Amino acid sequence: MDSNATLVFSYIGYKTLEIPINGRSVVNAQLEEDASELEEVVLIGYGSQRKSDLTGAVGQVDADQLQERPATSLNQALSGKIAGVQVNTNSGRPGGKSNIRVRGFSSINSSNNPLYVVDGVQLPQGNQDQFSSAIDYLNPNDVVSIEVLKDASSTAIYGARGANGVILVTTKRGRAGQGRVTYDAEYSVNQFGPNRAKVLNAEQYAMIEQLSWENTQKFDPEGWAAGEYAQYEPRLKRANPNVAYLFDSDGKAIYDTDWSKEVVQHKLSQNHQLGFSGGNERTTYAISLGIRDAQGLLKNTYLKRYSGRFSVDDQIKSWLKIGGSLSYNNQTENLADTNDQVPRRMVEDYPFYPGPRHTGGPLEGLYANNRDYPFAEGTRNSVNWLENNEYILNTQTTTGSFYTNLNITKELEMRTVIGANVLTQENNEFRNSVLDNNAVARASSSNEKQTFWSIENYLTYNKKINDNHSFTGLLGLSWQQSNSFYVNAASRNFPTDYFKYNNLGAGSDNLSVGSNATQHALNSYFGRLNYNLMGKYLFTVTGRADGSSKFGENNKFSFFPSAAIAWRVSDEDFLVDNELISNLKLRTSYGVTGNSEIPPYSSLSLLSSNYQTIWNDSRIGGTGLNRLENPDLKWEKTAQYDIGFELGLLNNRISMEADYYYRKTTDMLLDAPVPQSSGYATIRRNVGSMQNQGVELGLSTKNIVTADLSWNTTFNISMNRNKVLSLATPSDIFGVGGPGITNETSIIRVGEPVGAFWGLTRLGTWGTDEAAEAAKFVSYRNGLTILPGDIKYKDFNGDYIINDEDRSIIGNGYPTAWGTLTNYVSYKNLDFTLELQYSWGNDVMDMNLHSSEDRQALANSYTTVLDAWTPDNQDTMIAQVRDTRAGYVTNVDSHWVKDGSFVRGRNIMLGYTFGQNLIERMHLNKLRLYASAQNFFLLVDDELLGDPEVTPIRGGEGNNVFSQGMKWHEYPKSTTFVLGLQVGL
Amino acid sequence: MKIDITKYIGKFYLCALLLASTVGCSDFLDESDPSNLTPDSFYTTAKQAESAIAAVYADARFVGNGAGIFSSNWQLLEAPTGTSTTQTAQNSDLNNLYSLSYDANTLHVRNWWRGVYKVIANANLVLENVPDIDMDEGQKNQILGEARFLRAWAYFYAVRLWGDVPLITLPQSATSEDFFPSRSPLKAVYDQIVADLTAAEGAGLSWTDESGRVSQSAVKSLLAKVYLTMAGNPLNETARYADAATKAKEVIDNAGPIDLFDTYREIHDESLGNTVEHIFSLQYNDEVAGNPMGNMFPNFQPVTYRGPSGTGSTVPEIEFYNSFEAGDQRTVDREGWFYTSYYTNGDGELFDLGAPYIFKHFNVTANGTQGVPGTAKDNLNMPIIRFAEVLLIYAEASNEASGPTQDAVDALTRIRDRAQLTTPTLGEFTQESLREAVWKERWHELCYEQITWFDMVRLRKVLNSETGGFDDFVGHINLSSDQALQEKHLLFPLPEQEMINNPSLTPQNPGYN
């Protein structure tokens, strides 16, 4: 080699370094990181852009970040990664029940879910069982990157479907060059997650039971005197022949069962993913296959997924590229949290039982249910439910897309994308005869097929006029159509439990069938112009005209514009060589997006044929009024301002992105109440408005960067305030949120956050010296005088009546701030990740306190009842225990509302990547082992029982939307331990 | 050359695009619902007329629908009477009904408004559209008669609950002139009720109907009841007593198969629905909707196949139970209106309940009886008018119109004979004593059938369970809550939401602002 030559070192992300050899035989080069690393490309709607050229607020998650934490669904993978995106995992069920919001709520009646676009093809909104949609059936291991479009400038190109943010998902594609084979395996086990609510043990229960019976004398003296309660004496109940064997001669319980141990399984879950990819300059392909067998924490619950994906891209002509992908996914789940029978019963099952089955007495061998004990609530135990009730969801999705990319000229390109998504979901339910009072089994089966297709054509024109002026223009058309067909059948009373749901015709009672079909379509025209002035001033204008079949004849189409400006300040002369500031961009945008996610046919006047009357003891169908016509129904619109900056300091060792936004939704598609004297309750109208405003900040630092050791930290924080600005009428909207076990729990009221908690204010309990004052109240306890030891409410208007006048807003489930702090450390071949999730200022309404604290002795209770009022313990929130029949008080009130702020140890992971020498000898190009623990600790307020990230079991879709933070016996979350292996060759 | 081709292809694509955008979507965004009908495509055949009237019947079941946790709409008419109480305080709307502190937001009040007007609206659809259908005239008239009966039945509730209420007799759309109606004087509403029932009388309905549809005897009985109510508060058209007596007499004199059952158990025997004593009932069947009186089961006691279940949110107020005369068969355990013991899990060993519960709506077939497991299908109807009430309407109305008569005393005697109670003879009665005797009999015979409340309002009198006499409505203390009835309780408040949504609906009833 010429000793005067110059060595050129270049590496992506680092400044190119040229070092003259100057006769040396060893040259040490220290590469310097390059700010132009920002040249990474980011996907935007219908195209891509250099990150530096972005004018909108776009969050990005790359493949490395997705690998940090194993996840069963895309939403779970996305959780915590991007500021402004709130993903709540509200259930511990495998793959289940996450709630995703981009910058808060935009809507009351339409969907608040973002639009998902997978490889350029929009997914249907979907309304599958358990609030799931097509995205939940995508294998997250197939995903290489996710972009979240947040501000109006970036979402408006999706106009009609952009109001709740847009999530762009890119799946694995092949790359030219050497073929690659990858194999990833993962094994995990579950155990109960942190902060489980404590329940009474057998001894404590006996004490509370005895006390509650004795106190009956105080709370219903007349009934006591009349002997109404004699039979409820615990001593007599325990003598019942069915349960007598459980107690010794002193009436002491022999057994003490922890039901949480009875309901769990610690089965091994597995996940295997196999990938092949490769290609040459012309053609590339990728194939991936996956098997996931996720065993739930609760017995017999699981999620099994088989998935396959194939993609191919071919530069068939120099001017034409074609490609496509096809994926199939088959997912089967058995759910245990479609009703409260498991998670609730495991709290309430009697601790003095020997376990799931009786071990003595006349019922020996049979399930030990609370109902076997006299005067208990007539329930069956949690294990009984897990073993004898099935709720199977089988979902098959086939997604395909095909594109052509035509280079008409060097600058003009036309792309056509055809996409299709076929989702078939079968829901089979079976409750066998063991669980029925009359030994009658019940079975049902339903099937929904949802077909979605889209065709989109768009032209992209890139023109660089000179160094100072360049622009990109986009013009396109889109058609989309969704069809769904649903059919269900159910019957009861089978000659055998053998058939389950596989022979519904064999049931002799209550045969019922139903079917339903819908279709809706969207037709759109869209365009965008990006203009880049001198590389420093960036402008974007977009516009989209959308027409939807769902709206009235006069208002099918609407136009959604947006505009944005960005200024790359760091490219200005005065900053170009600044030591401190390596990158600074200011940007602002404004735009309008739409929401049409209401059921089809909402503008039509329709009769319903689903009335049922009974003549001659037979069912007779009837046809009557259903919905008022509204030919003027039109789009719900969300206007959004955004102002933000991106800042890189010290050669981007510190980088930061922050945004403030203000979103205002108007013309909300509300079921506006009408005078019910018309026979109708509501008309779907465009009324009302709501705002969200917030800030979001992402910070990432490279604390240590050396050859062997690196330490990076990312931190994000989001704050969002939601406020209802106007509704159809001044009247509040009730009937949202809540599992429907008491009175209204939530309210939608002008000036307040949507779905705020609503109830009485509990001041404490009445003291002995307040007896006279308490007695003045109109009874809120079965008509019996209010006594010391009863709950004391705030009587707002001082009328000594506790009613709706005394209800007010007592909290809401939305955090003041939330986010994630993640640290990555790598030392030589070791890598370590620690991810903490936090949420601050969110309330939890614990409805469980109704059944597990406010009342006693009908079932087991939380240990909080040990702090109940007694003459010696009067300074307490918890009423004196008593038999419920003697009059107890339970209302949605402020005592049920707890501070739900938390810090969660989301993920801790240690990985080891084998060295190059070793793996080359093994003919591999990658070998990594890792171990991880997820949800491994939780810091919460002492008052809070259980996990703060919840939505209640029960309640419909509408309820679910506004019930974040409302607790009614969720599927418990687990701590998961994972061992994983990644192999590449 | 190649460039030319790409240009050509590009142009072709462009043309295709433009073509597609203009032509391809002419009807792409049109929609029609494959699973539901529009009104202009319906009401053309006899079958559709039947389907339309079926919807009105279906809506009438609102009375039995739920009103929040552990509560039902019918409790609106039971809780304030003081004849019942609750063993659970879980539903604060229900609590407020018991404690007479309900207001314009109380769920039961809102549900009744919604329920009543939905029946009316569906009846209006029938009355507007069925006359134009080309079908058998006899069948058409019957359907119209049923619609009129059900509309009158619904308005009769409305006018008694709220007084002046919007009077709507045509189907509405959002552009209807009276879409935001004001309150019509109650006299006008009563006139409409009487007109509807009078028309239904002549609609060619059969005298009785075992299928559960409206019969002519039901029309006459309801009309008798309407007249009796018009004669009392607040209209006080005392001349209507004679009309009420006449209508009731038409039913008594032409009874045909109509009679009292011999035993009280037959009244809640599901196999005897729509026969003998049952003149009109809301129809229940497990296939569609089971009997809605479940909140009368004791709180978590195993009296049915369900084991320990039941809410106990309507159970007898003990003083009312004690107010029955000694020997009254209606208080005999598991024979009359009450039970104080039952078979474990419906069919097991007899056990003591510690207190009386309501047996009147207890379906022995469904829940089980000694040694016989229940069918678990509660097909028991909810009685609206029993013949016993017609007899008592007659006794009361004719006594008011013309003093005690043998017929009036006979009518009362038939009720008391079944209870194995002796009844004074005609000569022993004055108009006053017969009046109170009939009132008291109404309280004891018709309790827990959502009738007593309206008697209290109509008479402005309430049975005092402790003295056996009658208190004035205002000032009477309900023993279930120790609260006194006030003037304002003669009417329920208009639902607050409705008043907000309809600015013409003013004023609120007195005492509820």
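Chains A and B, in that order, give the protein sequences. Heads up, the numbering used here is the position in the first sequence plus 36, with the first residue counted as 1. Heads up, the numbering used here is the position in the second sequence plus 542, with the first residue counted as 1. A virtual CB, placed ideally from N, CA and C, is assigned to each residue, including glycine. From a predicted model like this one, the values you see are computed outputs, not experimental measurements.
Is there a C-beta anywhere in chain B that falls below 8 Å from the one on residue i?
i       : result
R407(A) : yes
T900(A) : no
S714(A) : yes
W295(A) : no
D983(A) : no
H394(A) : no
F832(A) : no
Starting from residue i, follow the beta strand (DSSP E) in both directions and report where the run begins and ends.
i       : result
G311(A) : S305 to G315
H820(B) : H820 to L824
A897(B) : L892 to I900
W879(B) : Looking at the DSSP string, W879(B) is not in any beta strand (DSSP E), and its letter there is neither H nor E.
P709(A) : L705 to P709
Return no unless some Cβ of chain A is closer than 8 Å to the Cβ of residue i.
i        : result
A745(B)  : no
W655(B)  : yes
F904(B)  : no
K762(B)  : no
E573(B)  : yes
V1016(B) : no
P723(B)  : yes
V830(B)  : yes
Apart from the five residues on each side of it in sequence, which residues of its chain come closer than 7 Å, Cβ to Cβ, to residue i?
i        : result
N1024(A) : Since the first residue shown for chain A is 37 and the last is 1021, residue 1024(A) is missing from the structure and cannot be characterised.
K1009(A) : G128, G229, N971 and D983
Taking the alpha-carbon positions, what's the residue i to residue j distance?
i        : j       : result
T964(B)  : E942(B) : 22 Å
R1000(B) : N666(B) : 28 Å
Y697(A)  : G730(A) : 6 Å
D1031(A) : M881(A) : With chain A covering 37 to 1021 only, the question about residue 1031(A) has no answer from this structure.
S887(A)  : E719(B) : 50 Å
V180(A)  : Q714(B) : 56 Å
D738(B)  : E688(B) : 10 Å
T648(B)  : I769(A) : 14 Å
R689(A)  : T737(A) : 6 Å
M924(B)  : G657(B) : 16 Å
L1015(A) : G332(A) : 17 Å
Hey, could you find the ends of the alpha helix (DSSP H) residue i is sitting in?
i       : result
N887(B) : First-last for N887(B): undefined, no H or E at that position.
F929(B) : F929 to S944
Could you pull out every residue in the same chain whose Cβ sits closer than 8 Å to the Cβ of residue i, ignoring the five residues on either side in sequence?
i       : result
V225(A) : H302, K303, L304, S305, T1012 and F1013
R407(A) : E413, G414, T415 and R416
P946(B) : L968, F971, T972, Q973 and L976
Can you give me the Cβ contacts of residue i inside the same chain, cut-off strictly under 6 Å, excluding the 5 residues immediately before and after it?
i        : result
Q1018(A) : D220 and R964
Y567(A)  : F507 and F575
L459(A)  : A170, T433 and Q486
N637(B)  : A631
For residue i, write down the residues that DSSP places opposite it in a beta bridge.
i       : result
N443(A) : E449(A)
N687(A) : Note: N687(A) sits in no beta bridge, so no partner.
H556(A) : S518(A)
R209(A) : Answer is none; R209(A) lacks a bridge partner.
W489(A) : A456(A) and Q517(A)
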